[in-house]
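S.K.: Protein chains in written order, with the numbering used here: chain A, 174 to 581; chain B, 174 to 581.
#1: Buried or exposed for residue 193/A, please, with buried defined as at least 16 other CB atoms from any protein chain shown within 10 angstroms of its CB.
#2: Using a 10 Å radius around the Cβ and a threshold of 16 neighbouring Cβ atoms, would you call residue 178/B buried or exposed?
#3: Does the Cβ of residue 365/B have 16 or more other Cβ atoms within 10 Å, making it buried, or fewer, making it exposed?
#4: Helix, strand or coil: which one does DSSP assign to residue 562/B?
#5: Look at the alpha carbon of residue 176/A and the alpha carbon of residue 451/A, and state the distance between them as a whole number of angstroms.
#6: Skipping 5 residues on each side, what residues in its chain have a beta carbon closer than 7 Å to that of residue 275/A?
#7: Considering only residues of the same chain and omitting the five flanking positions on each side of residue 284/B, which have a CB-CB separation below 7 Å?
#8: So what's residue 288/B in DSSP terms, helix, strand or just coil?
#9: Please look up how many angstroms separate the CB atoms of residue 310/B and residue 197/B, rounded, as I've assumed it's under 8 Å.
#10: To the nearest angstrom, how far is it from the Cα of residue 207/A to the Cα of residue 199/A?
#11: Skipping 5 residues on each side, what residues in its chain have a beta carbon closer than 6 Å to that of residue 255/A?
#12: Could you round the C-beta distance between residue 459/B and residue 535/B to whole angstroms and report it? I think they count as a contact, below 8 Å.
#13: Is the stretch 434–452 of chain A touching the stretch 326–345 of chain A in the sense that three or more CB pairs, one from each, lie closer than 8 Å?
#14: In the DSSP assignment, the beta strand (DSSP E) including residue 371/A goes from what residue to what residue?
#15: If contacts are defined as beta-carbon pairs under 8 Å, then residue 336/B and residue 319/B qualify, I think. What distance do you get, rounded to the angstrom?
#16: Is there a Cβ from chain A that is less than 7 Å from the Cβ of residue 573/B?
#17: Below 8 Å on C-beta distance, what does residue 405/A contact in chain B?
#18: Enumerate in chain order the residues of its own chain whose CB-to-CB distance from residue 303/A is below 7 Å, with the five nearest sequence positions on each side excluded.
#19: Rounded to whole angstroms, what's the CA-CA distance from residue 406/B to residue 266/B? Just pull it up for me.
#20: So what does residue 254/A bridge to, in DSSP terms?
#21: Within 10 angstroms of its Cβ, does residue 511/A collect 16 or more other Cβ (buried), or is it exposed?
#22: Could you pull out every residue in the same chain whose Cβ sits closer than 8 Å to the Cβ of residue 214/A, ignoring the five residues on either side in sequence?
#23: Name, going along the chain, the residues of the stretch 534–554 of chain A whose beta-carbon falls closer than 8 Å to a beta-carbon of chain B.
#24: Note down the Cα distance separating residue 591/A from residue 416/A, rounded to an integer number of angstroms.
#25: Where DSSP assigns a beta bridge to residue 519/B, which residues make up the other side?
#26: Which full runs of the alpha helix (DSSP H) of 4+ residues lie inside the stretch 256–280 of chain B, going along the chain?
#27: Quick one: which residues of the stretch 557–573 of chain B get their C-beta closer than 8 Å to a C-beta of chain A? List them in chain order.
#28: Counting only the same chain and skipping the five closest in sequence on each side, list residues whose C-beta sits under 7 Å from that of residue 314/B.
#29: Hey, out of 498/A, 563/A, 505/A, 486/A, whose CA is closest to residue 569/A's CA?
#30: How should residue 379/A be labelled, buried or exposed, when 16 other C-beta atoms within 10 angstroms of its C-beta is the threshold for buried?
#31: For the beta strand (DSSP E) containing residue 479/B, name the first residue and the last one.
#32: Residues of chain A with CB closer than 9 Å to the CB of residue 239/B, please, in chain order.
#33: With a threshold of 8 Å on Cβ separation, who are the neighbours of residue 383/A within its own chain once the five nearest residues in sequence on each side are excluded?
#34: How is residue 536/B classed by DSSP in three states: helix, strand or coil?
#35: Which of the three DSSP states is assigned to residue 335/B in this structure?
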């Protein structure tokens, strides 16, 4: 179902010096596949993360926040798919901590140096014994060049694994940025997508990493939405092993600051777009550009109102240029809008001109531009200079099918 | 498709003294059915209305606001189905005014004493000549006892006409409250549903009517949502002809004040619930009660977050007690919530107990309670004393089908 999305070519997903990956089958669900992924980090690796704003933040999210706050140096990440360990109270927190303890024993670090992540069904207890039992196999398999496998191990309803890699030169030294992410439902990240990990061997000072994790999330995962539902387990982690032989990036004047930041954003955006391509039931990738907004919040709000409207999404599924639904969504996003300033393009076709149907617009044009699998919508609000881009997908019969049958 | 919803029995939809109804086929779409409805009001009828907050408020909504503000005494309402006259600029405003002028000529009143309403496709020009041509036939048919026919004439994607009637005694005098409404997509009324008209022959002072129109909307139409998309044409009008031989209701101490207000709310709520029953593609009616909220806004927000979540709605379609989606929606509505205070019931079954899965809960219980066509969800937040009820429906394959094929 995914829209123009191929599995990653393992040869194009570059290893990151200082990070090893291992996998195992804990059989948390009935899947015969890897469902536990372990990431060992070289000493000195710096870590920053952003997490869901949902009040029902899952137990692993709570434990991640605790462990990151301690600043003891994170040495491992452990991820399971199939169970979210959310809404599980004290028992859930204990299960997340037990998982960290088991990893710590195997890798000879403190439990507080481990970050746990879970994704899957909510309100069911984590089968921590199964995970503990599977961990030795994952440790036995640890290797640097396995990011494509890692991307597959963390999937739930994803149909295609998502991994992106780039190389950047800093002061003559080549460093790598590699990221993996999973979606693809209950997905309107609020500070982060469900699970995404971006790693680099660049040397980055902790304050820069802490700032970048938010900036990268805002420029990428926070701009994609499948269904408007923010997950309880959203987590985005940025890792920098510092293995690159260049001078540490300490502030904006450091060589390579802008280039590396741009590469991190580019990799994260590509992952975010892959999530939209693989949105549950997706048959179309929709890119919504909003321009001329009063401020960034307004631009984001307009983009999200269009992206969340089930009427807009079903019209895209039908390849129906239903312009009324687009103006409805814009008008709901900004009730005080002067509609005479609103123009809308579908692809290159001007469809709404200063608040009304464009005189030049024909239904044939609309039908032609709605046909492809990738469609762009541009909205000009004429209220200011802020702009944004939001990515989403359509709502199809399969969206209903996937979500009606998820637990069966 | 509608959930336990029968067409109104004409004998149970009582006429309202002072109001006559007429119909015609303007053939705005290819329908062979009434698509124009005319309502003649006796002199002295008092009128109050609330309208959409969408910035792209349709031309007829703008004209209604103007005409109501003049306070010249409204003498007629004219409604067309099949075209929303929205996003149509100056030409749209002229079309709405032309319609009022045509009605005024036929009924011998000023154009400003006519309120126009339109519902249907957005961003297409209103075929005002067709409406003007059809009006004489509607005038020729005017009669008091025709509310069930009126309810049918204003439908668009509704599958069943919606009319409700009650009689109340005020000081020994029987007065009637009769209402009609249409839905059933692009529906999250914000001050009013798409089109709803409530009429009574009671004598009600204008300030009381102006207050009641908001209170009735807040207690009924503003609590129903199908898809979270607020229409550009939402209009709710309260009419009081004053034909009843009782003392005018001037304030809260007037005899019958409370009883009549309660009857208006009861009729409006029943119409609102009928809209949810006939929600596009609906197979289930879902009643969401929120208790223990900090304030009314918070209660409403929690109810709406549950009602809008496509994941919750598809789970209801599948009769799947997917509790994780319920807590996800609650946690998104109130990020600062103490989740340990949250309990949730499906029907009579306690499913979430103080933030976690209820110990007594079994999947069999969940399956049994999700099976019927009418399901209630109760959420206790334990934060205060505010409460509300929100009505919605599920998302089915037919929701996608109806909205993917709407314009074809």
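Glycine included, each C-beta is placed from N, C-alpha and C at the ideal position.
M.R.: Let me lay it out:
#1: Burial state of residue 193/A is buried, judged by a 10 Å Cβ sphere holding 16 or more other Cβ atoms.
#2: Residue 178/B comes out buried.
#3: Annotation note: pLDDT 49 at residue 365/B (below 50); position unreliable, coordinate value reported separately. With 16 or more other Cβ atoms within 10 Å, it is buried.
#4: In the structure shown, residue 562/B adopts extended strand secondary structure according to DSSP, grouped into three states.
#5: Cα to Cα, the separation comes out at about 6 Å.
#6: Excluding residues up to 5 positions away in sequence, 305, 308 lie with their Cβ nearer than 7 Å to the Cβ of residue 275/A in the same chain.
#7: Closer than 7 Å at the Cβ level, and outside the excluded window around residue 284/B, lie 270, 273, 274, 277.
#8: In the three-state reduction of the DSSP assignment, residue 288/B falls in the strand class.
#9: The pair is a contact, with the Cβ atoms about 4 Å apart (cut-off 8 Å).
#10: Those two C-alpha atoms are separated by around 7 Å.
#11: Leaving aside the five residues that flank residue 255/A on each side, the residues in its chain whose CB is nearer than 6 Å to its CB run, in chain order, 201, 202, 208, 293.
#12: Contact between residue 459/B and residue 535/B does not hold, since their C-beta atoms are separated by about 22 Å, which reaches or exceeds 8 Å.
#13: Remark: three or more beta-carbon pairs, one from each stretch, lie closer than 8 Å, so the stretch 326–345 of chain A and the stretch 434–452 of chain A are flagged as touching.
#14: Per DSSP, residue 371/A belongs to the beta strand (DSSP E) from 368–373.
#15: About 10 Å; that fails the 8 Å criterion.
#16: Yes, residue 573/B lies at the interface with chain A (some Cβ there is under 7 Å from its Cβ).
#17: Result: 497, 500, 501, 504.
#18: These residues qualify, in order along the chain: 199, 200, 201.
#19: In a straight line, the C-alpha of residue 406/B is about 13 Å away from that of residue 266/B.
#20: Looking at the DSSP assignment, residue 254/A forms a beta bridge with 292/A.
#21: So residue 511/A ends up on the exposed side.
#22: Here the set comprises 191, 192, 220, 247, 248, 249, 250, 412, 414.
#23: Correct list: empty, as no residue qualifies.
#24: Nothing can be reported for residue 591/A: it is not among the residues displayed for chain A, which extend from 174 to 581.
#25: Looking at the DSSP assignment, residue 519/B forms a beta bridge with 522/B, 550/B.
#26: If we require 4 residues or more, the alpha helix (DSSP H) runs fully inside the stretch 256–280 of chain B come out as 262–280.
#27: Within the stretch 557–573 of chain B, the residues whose Cβ lies closer than 8 Å to some Cβ of chain A are 568, 569, 570, 572, 573, listed in chain order.
#28: Here the set comprises 195, 196.
#29: Looking at the Cα atoms, 486/A is the closest of the given residues.
#30: Residue 379/A counts as exposed, since fewer than 16 other C-beta atoms from the protein chains shown sit within 10 angstroms of its C-beta.
#31: Residue 479/B -> not in any beta strand (DSSP E); alpha helix (DSSP H) instead, spanning 469–481.
#32: Annotation: residue 239/B has no Cβ neighbours in chain A at a cutoff of 9 Å; minimum Cβ distance is about 17 Å.
#33: Counting only Cβ-Cβ distances below 8 Å, and skipping sequence neighbours, we find 221.
#34: Residue 536/B falls in the helix class under three-state DSSP.
#35: Three-state result, residue 335/B: strand.
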